Amino acid sequence: MLVGAGATLAVASMARAGDALELTGRFQQGGHIIGRTWAGAHIFVDEEALTTASANGLFIVGLDREAKASVRIEARDGARYASRALAVQPGSFPSSRIDGLPPSTVEPSDPALLALIQQQIVLKAEGFASRFDADFFSDGFDWPLERFRVSSAWGSQRILNGTAARPHFGIDLAAPQGTVIRAPARGLVTLAQPGMHFEGGLVLIDHGQGLITAYLHQSEISVTAGDTVRTGDTIGRVGMTGRATGPHLCWRMKWRDRNLDPSLMVRTA
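Taking UniProt numbering, the leading residue of the sequence shown gets 1, the next gets one more, and so forth.
Shown next as structure tokens:
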């Protein structure tokens, strides 16, 4: 499937609880909820305090691949309280098979390599731990490539060299080597690291409140950690570094410990 930057997705859902709690987003597994409420209000998800509304009253909540059939969102601000229960639609997650990968990228066993992988796990954890005080996610997202083919869907069950692996928490966008990758929304670069064993050239961007996008397998990185980027800024180029069998961008999104489908954040035209 060929996709252009102007491609549209389904219209977002909306729910209201008076004027105190407005919720929009994609209420499905892998989707998200964007809310507006009182500035600085504490946000509870199924009775668990998970985030805080910005100075503009905006917040985001992620719905991962295993999200339950319903979720309750609550905003609490002193004596003020608003709550809303939402139905969460199930996702459709096909299987995908990839053969011909180097064994060291599927089941590494060399002690030195395992030590390197552990060091890189720490680097990634630090990048994903960012909680940038912003609400840029509310502007919506563009596709990070102008032209591409979706070569692997988000959430698919991976079979690597014949062995079942964890689900694929990225959407793979196949494009020629060297294709420019652009920031799909404003944000703070929290990691810009070439040579990652699995991810190759890797960039992480925090778009506010810990909503972080990841860009894998880059042949060239054009940003450094600590940079702020605007929508459309060049962040790197498509490659096939790390665990990859052809040039593509693996685009990922994470909110706290929840993996999300970034394509569901793309603005509708």
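By construction, the Cβ of each residue, glycine as well, lies at the ideal position given by its N, Cα and C atoms. Just so you know, these numbers come straight off a predicted model, no measurement behind them.
* Asked: Quick one: what does DSSP say Asp139 is sitting in, helix, strand or coil?
  -> helix
* Asked: Within 10 angstroms of its Cβ, does Glu74 collect 16 or more other Cβ (buried), or is it exposed?
  -> buried
* Under the three-state DSSP convention, the category Val238 falls into -> coil
* Which of helix, strand or coil DSSP assigns to Ser219 -> coil
* Give the single residue among Asp46, Ala53, Gln119, Lys124 whose Cα lies nearest to the Cα of Ala69. => Asp46
* Contiguous beta strand (DSSP E) assignments of at least 3 residues, all confined to the UniProt domain "M23ase beta-sheet core" (167-262) -> 171-174, 180-182, 187-196, 200-206, 211-218, 234-237, 248-255, 258-260
* To do: Taking 8 Å as the cut-off, decide whether the C-beta atoms of Gln177 and Ser219 are in contact.
  => yes
* To do: Provide the residue span of the beta strand (DSSP E) that contains Ala75, from first to last.
  => 70-77
* To do: Classify Gly35 as helix, strand or coil using the three-state DSSP reduction.
  => strand
* To do: With a cut-off of 8 Å on the beta carbons, I'd call Thr231 and Ala183 a contact; round off their distance for me.
  => 6 Å
* If you run the structure through DSSP and keep just helix, strand and coil, what is Gly127? -> helix
* Which word fits Ser54, buried or exposed, when buried means at least 16 other C-beta atoms lie within 10 angstroms of its C-beta? -> buried
* Asked: Between which two residues does the beta strand (DSSP E) containing Ala49 stretch?
  -> 48-52
* Own chain partners of Leu2 with C-beta closer than 6 Å, once the 5 adjacent residues on each side are dropped -> Residue placement at Leu2 is poorly supported in this model, since its pLDDT is 47, which falls under 50; the coordinates are not used for a value here.
* With DSSP as the reference, please indicate the residues paired to Ile43 in a beta bridge. => Thr51, Ala75
* Pick from Ile60, Lys254, Gln89, Ser92 that is closest to Ile33, judged by C-alpha positions -> Ile60
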